[in-house]
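Be aware that the sequence shown starts at 14, since it is given in the numbering used here, and climbs by one per residue. The beta-carbon is built from N, C-alpha and C at its ideal position, and this holds for glycine as well.
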Amino acid sequence: GSTRGAFTESNIHKGGYQAIELIRITNLTPLLWVRVDPMALYGGRISVFQPDACLAEMLFHDGDAGAQVDALRALAERPLKIQGSVKVTSVYDVPVSELPVRVLGDCLRGTPALHSSLPHPPAVRAQAALAIAQWQNNKAPKQSMAGQASWVGLQILIQYFRERFYNNRTVMPVKFNRVVVKKNDVVDTSQAVANPEGPTPSLKANEDDGYRYLDDFDEGEERAAVLEEADIVDVEEDEEYRVRSAVITAVASTRAKDGMTPTSALQFLETVLEAADAEMVGNIVTPDEECLMEKKLRANEEKVKEGDDQSVEVEDTVVTSLPYASTMLVADALLALCHVNVHPEFITDPTTGKTVQSSAIHPVAKLMEISRRWLDWELYRERIRGELESESLTGVSGVCYDTIAACSIIALSTLAVLRQSTMDPIPHSSKELE
14 GSTRGAFTES NIHKGGYQAI ELIRITNLTP LLWVRVDPMA LYGGRISVFQ PDACLAEMLF
74 HDGDAGAQVD ALRALAERPL KIQGSVKVTS VYDVPVSELP VRVLGDCLRG TPALHSSLPH
134 PPAVRAQAAL AIAQWQNNKA PKQSMAGQAS WVGLQILIQY FRERFYNNRT VMPVKFNRVV
194 VKKNDVVDTS QAVANPEGPT PSLKANEDDG YRYLDDFDEG EERAAVLEEA DIVDVEEDEE
254 YRVRSAVITA VASTRAKDGM TPTSALQFLE TVLEAADAEM VGNIVTPDEE CLMEKKLRAN
314 EEKVKEGDDQ SVEVEDTVVT SLPYASTMLV ADALLALCHV NVHPEFITDP TTGKTVQSSA
374 IHPVAKLMEI SRRWLDWELY RERIRGELES ESLTGVSGVC YDTIAACSII ALSTLAVLRQ
434 STMDPIPHSS KELE
């Protein structure tokens with residue numbers, strides 16, 4: 014297909030140009046960026062007005078996360094007219110009005126920040142997703158049925174999700190946490206190698222020595238052997254799921270000037286909730302490996318209690334692998350449905366010529382059906398988990414799994430009110446009135 018300027022139709026960089034390089038051309042001053050009172054020592058209110066290019070420099074050069082978020086929020090309210098000649102409307106065929114959202118998109122997609130040569134942390138990139146939605150709402154078309162050219166910010170959000178989490182019409186599960194194992198007998202011999210003729214160095218192991226990711230080993234017997242020999246089994250959390258949840262919320266928050274959610278956003282939410290795996294467990298741990306982890310942790314607990322005078326029976330607890338990181342994605346997607354605002358189409362009655370509401374299915378009907386399926390499935394799982402927990406008599410059930418059920422109820426109630434308030438009442442027949 015045809016391409017436009019430095020970006021393709023899929024919002025992919027073309028020709029090696031980054032958005033910050035394009036917006037930097039619009040800066041006709043020697044100033045990079047200005048930040049007053051970065052330590053927040055002054056109690057008064059400070060207002061600094063900077064060009065778009067200066068905000069982009071601050072976003073990618075300043076190492077302070079607070080300054081980066083300030084730049085994101087300011088770029089969400091731009092653009093301004095280019096300094097100097099107002100006749101300049103585009104840079105390398107990219108409209109000047111789109112440069113701020115292109116910079117926000119680069120931050121979201123992990124373009125390395127120049128102060129550290131690393132992508133921005135997930136907390137900042139999550140704010141970038143919400144800033145893109147804010148920019149899109151400020152520059153939204155009058156009608157939600159406008160073409161894709163009017164939804165640049167929305168397309169950037171959807172394209173990011175497709176790049177990272179979507180493949181072959183399936184939302185790919187993500188490893189939101191990774192299992193790490195450690196043996197305490199690992200020692201650091203690097204000092205002895207560096208100075209072989211010197212005195213014998215201390216072979217005391219460092220705190221981080223010996224930690225290995227479980228997915229570094231082959232599945233099956235090798236992983237089982239590693240888990241049997243490990244002294245410590247722990248779970249390391251990955252915060253990338255926060256960015257993914259922020260993108261889903263940002264897509265659901267987009268609006269046209271008439272206050273309606275665009276059709277592409279509704280289709281995106283339907284795809285995410287339909288294609289999400291029922292379990293949505295982002296771990297790389299199999300049930301057999303969880304049993305081995307449970308055995309290892311119980312063995313460690315027994316070793317701790319061996320020094321006690323009284324023998325204490327080890328409780329038959331189930332070792333979970335932090336399911337909240339996975340279920341929160343489904344919960345956030347369900348809560349994002351509360352931002353949806355849409356009504357049935359209006360058509361012209363061919364007999365009377367008047368504009369009437371279409372009798373087709375309401376646009377949120379499918380979302381309500383999906384939310385109801387998630388609710389039924391989660392209640393069924395909770396019932397099964399409760400039966401299993403009753404056997405061990407621990408009194409603990411559900412961990413954080415119940416979040417999906419609660420969010421499904423909230424989504425269903427919100428969508429039901431929306432559907433009822435945006436549909437014309439069904440006229441009653443004369444017999445029913447009598």
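query: DSSP-derived helix/strand/coil call for Lys379; result: helix
query: Arg257 versus Pro363 - alpha carbon distance; result: 46 Å
query: Buried/exposed call for Thr21, threshold 16 Cβ in 10 Å; result: exposed
query: Backbone CA spacing between Ile261 and Thr365 [nearest angstrom]; result: 42 Å
query: With 16 other Cβ atoms within 10 Å as the buried cut-off, status of Gly70; result: As written in the sequence, residue 70 is Glu, which differs from the Gly given in the question. Looking at its Cβ environment, which holds 16 or more other Cβ atoms inside 10 Å, Glu70 is buried.
query: Simplified DSSP state of Tyr173, which is helix, strand or coil; result: helix
query: Assigned secondary structure, Val430 (DSSP; H/G/I helix, E/B strand, else coil); result: helix
query: Pairwise C-alpha distance: Leu131 and Leu35; result: 20 Å
query: Neighbour-count burial assignment, Phe62, 16 or more Cβ in a 10 Å radius; result: exposed
query: Reduced DSSP category for Ala126 - H, G, I as helix; E, B as strand; rest coil; result: strand
query: Residues near Cys351 by beta carbon distance below 6 Å, same chain, minus five either side; result: Thr427
query: Contact under 8 Å by Cβ, Thr276 with Ser157; result: yes
query: Beta-carbon gap between Ala141 and Leu85 smaller than 8 Å; result: yes
query: Of the residues Asp231, Glu111, Ala153, the one placed nearest Asp271, counting alpha carbons only; result: Ala153
query: Cβ neighbour criterion (16 or more within 10 Å) applied to Gly118; result: buried
query: Cβ contact (3+ pairs, closer than 8 Å) linking the region 163-171 and the region 109-117; result: yes
query: Unbroken alpha helix (DSSP H) run spanning Val285, endpoints; result: 276-288
query: Residue closest to Ser48, alpha-carbon to alpha-carbon, out of Leu72, Gln31, Lys367, Thr42; result: Ser is not the amino acid found at residue 48; the sequence shown has Arg there. That would be Leu72, whose Cα lies nearest to the Cα of Arg48.
query: Between the CA atoms of Met273 and Val12 - distance to the nearest angstrom; result: The chain is shown from 14 up to 447; residue 12 falls before or after that span and cannot be answered.
query: Beta strand (DSSP E) segment containing Thr361, residue limits; result: 359-361
query: Helix, strand or coil at Ile397 [DSSP, three-state]; result: helix
query: Whole-number beta carbon distance between Thr267 and Gln149, since they are thought to touch under 8 Å; result: 5 Å
query: Beta-carbon contacts of Gly76 that lie in its chain and below 7 Å, excluding the five residues immediately before and after; result: His128, Ser129
query: Reference Glu242; option with closest CA among Leu227, Glu253, Pro357; result: Leu227
query: Alpha-carbon to alpha-carbon, Ala418 and Asp389; result: 8 Å
query: Cβ pair Ser371, Leu425 closer than 8 Å; result: no
query: CA nearest to the CA of Gly123, picked from Ala32, Leu348, Val192; result: Ala32
query: Cα-Cα separation between Glu326 and Glu400, rounded to whole angstroms; result: For Glu326, the predicted model reports a pLDDT of 43, less than 50, meaning its position is unreliable; a value from the coordinates is still stated below. Straight-line Cα distance between these residues: approximately 23 Å.
query: Glu382 to Ala159 span [Cα, whole Å]; result: 27 Å
query: Beta-carbon proximity of Ala466 to Pro51, cut-off 8 Å; result: The question about residue 466 has no answer, for the chain in this structure spans 14 to 447.
query: Beta bridge counterpart(s) of Leu131 as assigned by DSSP; result: Ala126
query: Straight-line Cα distance separating His133 from Arg398; result: 39 Å
query: Assigned exposure category for Phe178 - 16 Cβ within 10 Å defines buried; result: buried
query: Cβ pair Val193, Asp244 closer than 8 Å; result: no
query: Ile374 beta carbon near the ligand FAD (any heavy atom closer than 7 Å); result: The ligand FAD is not among the ligands present in this structure, which contains no ligands whatsoever.
query: Straight-line gap, Arg175 to Ile145 (C-alpha atoms, nearest Å); result: 16 Å
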